[in-house]
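J.: Below you'll find the structure I mean.
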Amino acid sequence: MASRAASTVIVFLILAAFAAGASAATFTITNRCGYTVWPAGIPVGGGTKLDSGHTWTVDVPTNTAGRFWGRTGCSFNGGSGYCDSGDCAGALSCTVSGDPPATLAEYSIGGGGGGQDYYDISVVDGYTLPMDFSCSTGEALKCREPSCSDAYQYPNDDTKTHACSANSNYQVTFCAHEGAGDQVQR
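What the sequence shown shows, in mature numbering (1 follows the signal peptide of the UniProt record, and there is no 0), is residues -24 to -1, 1 to 162, in sequence order.
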């Protein structure tokens, strides 16, 4: 009897683990700039140093809305310091939004109902880095200059939000095509 109860508990835990994993999204953030970028994310991710050519992976749980952005010109001693762009109260691991200007990759994972996620690029707070943002089941967005057509230019520019199937994964790339017309403002 005890082994049957233990088996039931194990099966339940395995199913719960699969259900929890299926509800999350994985964000792969890549730096293709010719210099170090310090990507940050809230409410999930915090921040890290990302040298040219490197990737940072962040798992975002369902029912989470947030943003990622790139910081430049950073200097940290331990967990505190300063960034020339996108600084978040002097912290390496951000818990607040970065100071403008900042090109933003914004998302809402599973919060919109109907089995949909939503994502967009915003330059409402200003433009700093060229950014590509894509969903594994949606449209690839590109913002390589301040007036890019794929990004929110002003609040309530609602034509720039894109839907993606729930349980999708995302790619954020800084300077995807640096040198091919990208404008970098540091």
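C-beta atoms are modelled at their ideal positions from N, C-alpha and C, and glycine is treated no differently.
Is serine 112 buried or exposed, if buried means 16 or more other CB atoms sit within 10 Å of its CB?
T.: The residue you call residue 112 lines up with position 136 of the sequence shown. When all chains shown are included, serine 112 counts as exposed.
J.: Does the Cβ-Cβ distance between lysine 44 and isoleucine 5 come in under 8 angstroms?
T.: Residue 44 sits at position 68 when you count from the first residue of the sequence shown. Residue 5 sits at position 29 when you count from the first residue of the sequence shown. It should be noted that the sequence gives phenylalanine, not lysine, for residue 44. Closer than 8 angstroms, so yes.
J.: To the nearest angstrom, how far is it from the Cα of valine 99 to the Cα of glycine 54?
T.: Locating residue 99 in the sequence shown gives position 123, where the first residue counts as 1. Locating residue 54 in the sequence shown gives position 78, where the first residue counts as 1. Approximately 30 angstroms between the Cα atoms of the pair.
J.: In terms of residues, what are the limits of the beta strand (DSSP E) holding asparagine 7?
T.: In the sequence shown, the residue the question calls residue 7 occupies position 31. Looking at the DSSP string, the run of the beta strand (DSSP E) that includes asparagine 7 is 1 to 7.
J.: Between the alpha carbons of proline 106 and lysine 118, how many angstroms are there, rounded?
T.: In the sequence shown, the residue the question calls residue 106 occupies position 130. In the sequence shown, the residue the question calls residue 118 occupies position 142. Their Cα atoms are separated by approximately 8 angstroms.
J.: Helix, strand or coil for alanine -6? Go by DSSP, reduced to three states.
T.: Counting from one through the sequence shown, the residue named residue -6 turns up at place 19. At alanine -6, the pLDDT of 38 sits below 50, so the modelled position is not reliable; the number obtained from the coordinates is stated separately. Reduced to three states, the DSSP call for alanine -6 is helix.
J.: Considering only their Cβ atoms, is the gap separating alanine 65 from valine 148 smaller than 8 angstroms?
T.: Reading the sequence shown from its first residue, position 172 is the one you call residue 148. Reading the sequence shown from its first residue, position 89 is the one you call residue 65. Not in contact: valine 148 and alanine 65 (Cβ atoms no closer than 8 angstroms).
J.: Go to glycine 40, then tell me how far its beta strand (DSSP E) extends in each direction, as first and last residue.
T.: Position 64 of the sequence shown, counting from 1, holds the residue named residue 40. Strictly speaking, residue 40 in this sequence is threonine, with glycine absent from that position. Per DSSP, threonine 40 belongs to the beta strand (DSSP E) from 40 to 47.
J.: Quick one, are the C-beta atoms of proline 76 and aspartate 101 less than 8 angstroms apart?
T.: Here residue 76 refers to the residue found at position 100 of the sequence shown. Here residue 101 refers to the residue found at position 125 of the sequence shown. Cβ distance < 8 angstroms, so proline 76 and aspartate 101 count as in contact.
J.: Run through DSSP, which three-state label would lysine 25 get?
T.: Translated into the one-based positions of the sequence shown, residue 25 becomes position 49. Three-state result, lysine 25: coil.
J.: Where does aspartate 75 fall in DSSP's three states?
T.: Translated into the one-based positions of the sequence shown, residue 75 becomes position 99. Looking at aspartate 75 - three-state DSSP - the assignment turns out to be coil, as it is neither helix nor strand.
J.: Measure the beta-carbon distance from alanine 16 to glycine 74 and round it to whole angstroms, keeping in mind my assumption that it falls under 8 angstroms.
T.: Here residue 16 corresponds to residue number 40 of the sequence shown, with the count starting at 1. Here residue 74 corresponds to residue number 98 of the sequence shown, with the count starting at 1. That belief holds up - the Cβ atoms of alanine 16 and glycine 74 are roughly 6 angstroms apart, short of 8 angstroms.
J.: In this structure, how does DSSP classify aspartate 101 when only helix, strand and coil are distinguished?
T.: As a position in the sequence shown, residue 101 is number 125, starting the count at 1. In the structure shown, aspartate 101 sits in coil (DSSP, three-state: anything other than H, G, I, E or B).
J.: Out of Asn145, Val20, Cys50, Asp35, point me to the one whose CA is closest to leucine 26's CA.
T.: One-based indexing of the sequence shown puts residue 26 at position 50. When each option's Cα is compared against that of leucine 26, the closest is Cys50.
J.: Nearest-angstrom Cα distance between tyrosine 11 and glycine 86?
T.: In the sequence shown, the residue the question calls residue 11 occupies position 35. In the sequence shown, the residue the question calls residue 86 occupies position 110. The alpha-carbon atoms of tyrosine 11 and glycine 86 are separated by roughly 34 angstroms.
J.: Going by DSSP, which residues form a beta bridge with asparagine 53?
T.: For the purposes of this step, residue 53 is identified with residue 77 of the sequence shown, where counting begins at 1. Answer is Ser56.
J.: Going by DSSP, name the residue or residues bridged to tyrosine 128.
T.: Counting from 1 along the sequence shown, the entry for residue 128 is found at position 152. DSSP output for tyrosine 128 lists Ser98 as bridge partner(s).
J.: If contacts are defined as beta-carbon pairs under 8 angstroms, then alanine 139 and tyrosine 94 qualify, I think. What distance do you get, rounded to the angstrom?
T.: Start at 1 with the first residue of the sequence shown, and residue 139 comes out as number 163. Start at 1 with the first residue of the sequence shown, and residue 94 comes out as number 118. So it is a contact: roughly 6 angstroms between Cβ atoms.
J.: Rounded to whole angstroms, what is the Cα-Cα separation between threonine 79 and proline 122?
T.: In the sequence shown, counting from the first residue as 1, residue 79 sits at position 103. In the sequence shown, counting from the first residue as 1, residue 122 sits at position 146. Using only the alpha carbons, I get a separation of about 9 angstroms.
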